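For reference, the structure discussed in these notes is given below.
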Amino acid sequence: MAEWHCSGLESVWVTIPAKAVKTRHNLHIATVYIPPNDQIPSILHIFMNQLSEIKSQNCNDHFIIAGDFNLPIIDWQYGEPIILRKGS
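The opening position of the sequence shown corresponds to residue 1 in UniProt numbering, with each subsequent residue numbered one higher.
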């Protein structure tokens, strides 16, 4: 898998090769931390773009993404998260 780098967040990626667990698909596991600040929407956008690119390059693999995204104002809908704005 390509090197992962996204400024503004911390992440650790581990790839378990398919042959190690005797399956047909590699398993990519990521833990992600996005510190709370006013740049979260742009950092999240960059993260999602990079994740989409990595996913398309490894379309037969499986992914587990877990972490602390510091998104208290979010409405999870099928397909993608939608960030709600505070105030008017």
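Note that CB positions come from ideal geometry on N, CA and C, so glycine has one too. In this text the structure is predicted, and so the values were computed from the model without any measurement.
Tell me, please, which residues DSSP counts as bridged to residue i.
i: residue 90; result: Shown here, the chain extends from 1 to 88; a query on residue 90 therefore has no answer.
Could you tell me the boundaries of the beta strand (DSSP E) in which residue i lies?
i: F63; result: 62-68
Tell me the DSSP secondary structure of residue i in three-state form.
i: Q39; result: coil
i: L71; result: coil
i: S7; result: coil
Which residue marks the beginning of the alpha helix (DSSP H) containing residue i, and which one marks its end?
i: K19; result: 18-21
Which residue's Cα is closest to the Cα of residue i: the options?
i: H5; options: L51, I16, T23; result: L51
i: T31; options: S11, N49, S42, K19; result: S11
i: D61; options: K19, G8, S7, L9; result: K19
i: I64; options: L44, I34, I29; result: I29
i: L9; options: S56, E53, C59, H45; result: H45
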